[in-house]
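Q: 414 is the number that full-length UniProt numbering gives the last residue of the sequence shown; the numbers go up by one with no jumps. Each residue gets a CB set at the ideal place from its N, CA and C atoms; glycine is no exception.
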Amino acid sequence: MRSSAIHSYLRGPGGRLMGRPGVRSYTTRQYSESDLEFCLATEKDFRQVQSLYNDETDYIPSVYHSWLRERNRVIILAKRQDQLIGLCSSHIVDDGQSALMEGMKVAASERGKGAARLIYRHVAELVRARYPEVKKQSFITDPKLNRGGLCVLGKQIGLCSSHIVDDGQSALMEGMKVAASERGKGAARLIYRHVAELVRARYPEVKKQSFITDPKLNRGLCVLGKQFLISLQVPSINVPTLISEVISNMKKRRDEYYEPIPLQPDDVRSIFLNRTVIDTLLPGGRIIQNGAVFKPLESNLDILLKRDIVWRADRKDNTRAVSLGAAPFRDPMGNRVFMIDMFGEDLSAVKNVFLAQLQSLPPLQDNVICLLFVNPSLSPQISEFCINEMGLEKGKQDWDDEYIIEIDILQNVI
């Protein structure tokens with residue numbers, strides 16, 4: 001992204017389009033910056049953004065409006081011929097040290113054309129310009145990140161978000177998504193680059209990107225930590241009865257069972273700022289919530305405590321397992337998706353905290369898909385417990401295992 005384009009972006013009010021006119025249509029070659037226009041997302045764009053997710057399970061539509069209100073976050077839309085084809089966001093976290101890149105999405109029809117790369121680069125440059133103190137980018141993604149993830153106005157094909165976290169030092173890259181029909185065309189690469197360039201331009205103090213990825217996206221990046229996914233179908237109507245039966249059977253077998261505790265804000269700070277918890281429970285010393293990664297800092301906990309999260313732990317002192325449950329959201333198929341990020345390696349403690357998270361579910365008439373992320377060492381045992389002892393069924397693997405990556409803000413990953 002050229003400096004003149006960055007300055008025009010920063011001057012533009014109300015998310016006004018600040019790309020180049022006269023965009024031409026290309027279907028076989030890779031997109032260049034002159035093919036796309038970028039703008040800041042607004043409330044008015046929601047309907048088009050939502051159209052990116054009509055055929056896939058994703059949480060972005062449920063958080064879009066709250067993202068627009070978050071401090072130190074930018075959401076960039078990518079357009080081609082006035083049609084929305086991609087999105088990416090960056091959130092400054094980790095006391096301003098990292099840029100959390102989130103929500104990268106490219107419309108299915110536009111994938112494989114390099115759009116994600118351009119979008120990501122745009123966001124990253126904006127972060128570097130606006131938050132020069134940011135040192136790292138962080139994000140959670142999957143192997144599709146190197147093939148799709150762009151949003152172009154009109155027909156949306158992709159999305160990506162970056163959240164400035166870590167006290168303005170990092171850009172958390174989140175939500176990279178490209179419509180299924182557009183993958184493999186390079187859109188994600190363009191979106192990601194566009195978002196990264198935008199972050200670099202708007203937040204020049206940001207030095208790092210952070211994100212969560214899939215092991216197949218292995219390009220010599222350093223993996224700080226990882227969590228494995230267990231996807232489950234939960235019979236929502238009978239959840240209370242189901243949990244009671246499971247607990248009763250555990251007691252009959254003399255398995256260790258106790259009532260986990262809900263955490264208040266002071267409890268959250270006490271536990272997640274505890275050095276022992278950070279070193280022994282958190283993957284790579286990071287907090288993962290709903291596909292985003294945060295350093296355990298006061299400023300990041302302030303961000304998380306404002307979200308609709310169910311916090312559960314086995315105990316306040318000598319904590320062995322702690323979890324974050326996101327508010328269930330409805331996917332395009334009408335299912336309710338309940339995401340639980342579980343931290344800890346003690347099997348009994350993790351089982352008990354998982355049951356407590358299920359007990360927190362409100363009464364729902366919809367089918368419930370539970371996405372449970374656990375320490376890799378516990379994945380086989382917890383999966384067996386859920387399927388064989390609880391009688392739950394495996395859910396679709398529309399999501400991926402989580403690998404935490406942190407790189408310099410100047411580094412491009414796609």
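On the criterion of 16 or more Cβ atoms from any shown chain inside 10 Å, does Asn388 qualify as buried, or is it exposed?
A: Here residue 388 is taken as the residue at index 388 of the sequence shown, counted from 1. Flag for Asn388 reads exposed.
Q: Can you give me the C-alpha to C-alpha distance between Asn146 and Val165, rounded to a whole angstrom?
A: Position 146 of the sequence shown, counting from 1, holds the residue named residue 146. Position 165 of the sequence shown, counting from 1, holds the residue named residue 165. With a pLDDT of 33 at Asn146, under the threshold of 50, the modelled position of that residue is not reliable, and no figure is offered here.
Q: Looking only at C-alpha atoms, which of Arg117, Ala356 and Arg121 sits nearest to Tyr257?
A: As a working mapping, residue 257 is identified with position 257 in the sequence shown. Among Arg117, Ala356 and Arg121, the Cα nearest to that of Tyr257 belongs to Ala356.
Q: Could you check whether Ile60 and Ile157 sit closer than 9 Å to each other, using their CB atoms as the reference points?
A: Within the sequence shown, residue 157 is the residue found at index 157, counting from 1. Within the sequence shown, residue 60 is the residue found at index 60, counting from 1. No, these two residues do not count as a Cβ contact at 9 Å.
Q: Which runs of the beta strand (DSSP E) at least 3 residues long sit entirely within the stretch 270-307? Give them in chain order.
A: Segments of the beta strand (DSSP E) lying fully in the stretch 270-307: 287-289 and 292-294.
Q: Can you name the start and end residues of the alpha helix (DSSP H) that Ile243 belongs to?
A: Counted from its first residue, the sequence shown places residue 243 at position 243. Looking at the DSSP string, the run of the alpha helix (DSSP H) that includes Ile243 is Val239 to Lys252.
Q: In whole angstroms, what is the alpha-carbon distance linking Ser379 and Glu393?
A: Working through the sequence shown from its first residue, we reach residue 379 at position 379. Working through the sequence shown from its first residue, we reach residue 393 at position 393. C-alpha separation (whole angstroms): 15 Å.
Q: Secondary structure at Leu364, three-state DSSP: helix, strand or coil?
A: Mapped onto the sequence shown, residue 364 falls at position 364. Of the three classes helix, strand and coil, the one that applies to Leu364 here is coil, per DSSP.
Q: Classify Gly391 as buried or exposed, calling it buried when 16 or more other Cβ atoms lie within 10 Å of its own Cβ.
A: If you number the sequence shown from 1, residue 391 lands on position 391. Exposed: under 16 other Cβ atoms inside 10 Å.
Q: For the beta strand (DSSP E) containing Gln233, list its first residue and its last residue.
A: The residue labelled residue 233 in the question sits at position 233 within the sequence shown. Looking at the DSSP string, the run of the beta strand (DSSP E) that includes Gln233 is Val223 to Val234.
Q: Mind reading off the beta-carbon distance from Ser231 to Ile369? Whole number of angstroms is fine, and I expect it under 8 Å.
A: Counting from 1 along the sequence shown, the entry for residue 231 is found at position 231. Counting from 1 along the sequence shown, the entry for residue 369 is found at position 369. Yes, Ser231 and Ile369 are in contact; Cβ-Cβ is about 7 Å, under 8 Å.
Q: If Ile76 sits next to His122, beta carbons under 8 Å apart, how far is it from one beta carbon to the other, in whole angstroms?
A: Your numbering for residue 76 matches position 76 in the sequence shown. Your numbering for residue 122 matches position 122 in the sequence shown. Contact holds; Cβ gap of about 6 Å.
Q: Kindly indicate which residue of Leu361, Phe228 and Asn249 has the alpha-carbon position closest to the one of Glu345.
A: Here the question's residue 345 lines up with position 345 in the sequence shown. Glu345 has its Cα closest to that of Phe228, out of Leu361, Phe228 and Asn249.
Q: Taking the runs of the beta strand (DSSP E) that are 3 residues or longer, which of them lie wholly in the UniProt domain "N-acetyltransferase" (36-179)?
A: Counting whole runs of 3 or more residues, the UniProt domain "N-acetyltransferase" (36-179) contains the beta strand (DSSP E) stretches 37-40, 73-80, 83-96, 98-106, 136-140, 158-168 and 170-178.
Q: Quick one, which of Gln289, Ser66, Arg80 and Val268 has its alpha-carbon nearest Ala403's?
A: Translated into the one-based positions of the sequence shown, residue 403 becomes position 403. For the record, residue 403 in the displayed sequence is Tyr; it is not Ala. Checked all of Gln289, Ser66, Arg80 and Val268; the closest Cα to Tyr403 is Gln289.
Q: Taking only three categories from DSSP, how would you classify Ile409?
A: The residue given as residue 409 occupies position 409 in the sequence shown. Ile409: coil per DSSP, three-state reduction.
Q: Could you tell me if the beta carbon of Ser51 falls within a distance shorter than 8 Å of some heavy atom in the ligand MG?
A: Absence of the ligand MG is noted for the structure shown, with no ligands found whatsoever.
Q: Hey, would you say Gly114 sits closer than 9 Å to Arg189, going by beta carbons?
A: Taking the first residue of the sequence shown as 1, we reach residue 114 at position 114. Taking the first residue of the sequence shown as 1, we reach residue 189 at position 189. Going by C-beta atoms, Gly114 is nearer than 9 Å to Arg189.
Q: Taking the alpha-carbon positions, what's the Pro363 to Tyr203 distance?
A: Counting from one through the sequence shown, the residue named residue 363 turns up at place 363. Counting from one through the sequence shown, the residue named residue 203 turns up at place 203. Rounded to the nearest angstrom, the two C-alpha atoms are 42 Å apart.
Q: Could you pull out every residue in the same chain whose Cβ sits closer than 6 Å to the Cβ of Leu281, ignoring the five residues on either side in sequence?
A: As a working mapping, residue 281 is identified with position 281 in the sequence shown. Within the same chain, Leu281 has close Cβ partners Phe343 and Gly344.
Q: Taking its Cβ as the centre, do 16 or more other Cβ atoms sit within 10 Å of Pro240, making it buried, or is it exposed?
A: In the sequence shown, counting from the first residue as 1, residue 240 sits at position 240. Counting Cβ neighbours within 10 Å, Pro240 comes out exposed, since fewer than 16 surround it.
Q: Tell me, please, which residues DSSP counts as bridged to Asp341.
A: Position 341 of the sequence shown, counting from 1, holds the residue named residue 341. For Asp341, which the question treats as bridged, DSSP gives the partners Leu324 and Phe373.
Q: Applying the 10 Å Cβ sphere with the 16-neighbour rule, what's the burial state of His194?
A: Locating residue 194 in the sequence shown gives position 194, counting from the first residue. Buried.
Q: DSSP three-state label for Val310, please.
A: Residue numbering aside, residue 310 sits at position 310 when the sequence shown is read from its first letter. Of the three classes helix, strand and coil, the one that applies to Val310 here is strand, per DSSP.
Q: Could you have a look at Arg11 and say whether DSSP puts it in helix, strand or coil?
A: Within the sequence shown, numbered from 1, the residue matching residue 11 stands at position 11. Here Arg11 scores only 38 on pLDDT, less than 50, and its place in the model is too uncertain to base an answer on.
Q: What whole-angstrom Cβ distance do Val134 and Gln169 have, given they're in contact under 8 Å?
A: Position 134 of the sequence shown, counted from the start, is the residue given in the question as residue 134. Position 169 of the sequence shown, counted from the start, is the residue given in the question as residue 169. Right, the Cβ-Cβ distance comes to about 5 Å (below 8 Å), so this counts as a contact.
Q: Just checking my contact of residue 416 with Cys160 at CB under 8 Å: how many whole Å lie between their CB atoms?
A: Past the edges of the chain, shown from 1 to 414, lies residue 416, and the structure says nothing about it.
Q: Could you pull the start and end residues of the alpha helix (DSSP H) that Pro380 belongs to?
A: Counting from 1 along the sequence shown, the entry for residue 380 is found at position 380. From DSSP, the alpha helix (DSSP H) with Pro380 extends over Ser379 to Glu384.
Q: With the cut-off set at 9 Å, would you say Ser270 and Asp94 are in Cβ contact?
A: The residue labelled residue 270 in the question sits at position 270 within the sequence shown. The residue labelled residue 94 in the question sits at position 94 within the sequence shown. No; because the gap between Cβ atoms is not below 9 Å, this pair is not in contact.
Q: Under 9 Å between the Cβ atoms of Ala107 and Leu52?
A: As a working mapping, residue 107 is identified with position 107 in the sequence shown. As a working mapping, residue 52 is identified with position 52 in the sequence shown. Yes. Within cutoff.
Q: If you draw a straight line from the alpha carbon of Trp311 to that of Ser244, how long is it in whole angstroms?
A: The count along the sequence shown starts at 1 and reaches residue 311 at position 311. The count along the sequence shown starts at 1 and reaches residue 244 at position 244. The alpha-carbon atoms of Trp311 and Ser244 are separated by roughly 21 Å.
Q: Which residue comes first and which comes last in the alpha helix (DSSP H) that contains Ile191?
A: Position 191 of the sequence shown holds residue 191. Looking at the DSSP string, the run of the alpha helix (DSSP H) that includes Ile191 is Ala187 to Arg202.
Q: Quick one, are the C-beta atoms of Ile382 and Leu324 less than 9 Å apart?
A: What you label residue 382 is simply residue 382 of the sequence shown in a count that begins at 1. What you label residue 324 is simply residue 324 of the sequence shown in a count that begins at 1. No. Outside cutoff.
Q: Exposed or buried, which one is Pro283 when buried takes at least 16 other CB atoms within 10 Å?
A: Within the sequence shown, the letter at position 283 stands for residue 283. It counts as buried.
Q: Considering only DSSP beta bridges, list what Ser210 is partnered with.
A: Your numbering for residue 210 matches position 210 in the sequence shown. Ser210 pairs with Ser138 and Glu406.
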